[in-house]
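Asker: If you count the sequence shown from 1, position 97 lands on 256 in this note's numbering, and the numbers rise without skipping. Glycine included, C-beta positions come from ideal geometry on N, C-alpha and C. If you're wondering where the values come from, they're calculated on a predicted model, not measured in any experiment.
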Amino acid sequence: ISIPVTRSMEIIQGALESAMDACLKELGHHKFLGLDFDLTVSNNLFKDFGRSIQKQLDKRWHLVSRKTKQITRDLSTLRRLAFCVLRYDGPTFLQYLEMLRVTEGVNSV
Numbered sequence: 160i161s162i163p164v165t166r167s168m169e170i171i172q173g174a175l176e177s178a179m180d181a182c183l184k185e186l187g188h189h190k191f192l193g194l195d196f197d198l199t200v201s202n203n204l205f206k207d208f209g210r211s212i213q214k215q216l217d218k219r220w221h222l223v224s225r226k227t228k229q230i231t232r233d234l235s236t237l238r239r240l241a242f243c244v245l246r247y248d249g250p251t252f253l254q255y256l257e258m259l260r261v262t263e264g265v266n267s268v
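1. Kindly indicate which residue of Leu-240, Ile-230 and Gly-249 has the alpha-carbon position closest to the one of Arg-166.
2. Exposed or buried, which one is Ile-230 when buried takes at least 16 other CB atoms within 10 Å?
3. If you draw a straight line from the alpha carbon of Cys-243 to that of Val-164, how long is it in whole angstroms?
4. On the three-pair Cβ rule with 8 angstroms, is the region 220–229 touching the region 252–259?
5. DSSP three-state call for His-221: helix, strand or coil?
6. Could you spell out the range, first to last residue, of the alpha helix (DSSP H) harbouring Pro-113?
7. Report all residues from its chain with a CB closer than 6 angstroms to the CB of Leu-175; omit the five preceding and five following residues, and keep chain order.
8. Can the beta-carbon of Ser-235 be found closer than 8 angstroms to that of Arg-219?
9. What do you get for Leu-183, buried or exposed, if any count of 16 or more other CB atoms within 10 angstroms of its CB means buried?
Right, here's the structure in full:
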């Protein structure tokens, strides 16, 4: 099944990719985390990157800063949004974003 991608969808995908890249760069500044994979969006878009990071940090998750924990959650959310923009129609995607803004706002740094 092929989904036609509109210009708006491309813009949203680009913005999500930029946000994911910023999160990955922030994680890259923390060398002490010892993450053993390539921190690029293109290499990690198709696997649950946030869960991969959390799994690697599991033994010392209690030592990880609140900001780093939030970044891992943000990466999972951004990845989910990248797929939702292709799966949902415009009004449904907007409704999902509004719901996400309300629920994620509670967990923001």
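Answerer: The structure says:
1. Gly-249
2. buried
3. Near 13 angstroms, if we compare the C-alpha coordinates of Val-164 and Cys-243.
4. no
5. His-221: helix per DSSP, three-state reduction.
6. Nothing can be reported for residue 113: it is not among the residues displayed for the chain, which extend from 160 to 268.
7. Leu-237, Leu-240 and Ala-241
8. no
9. buried
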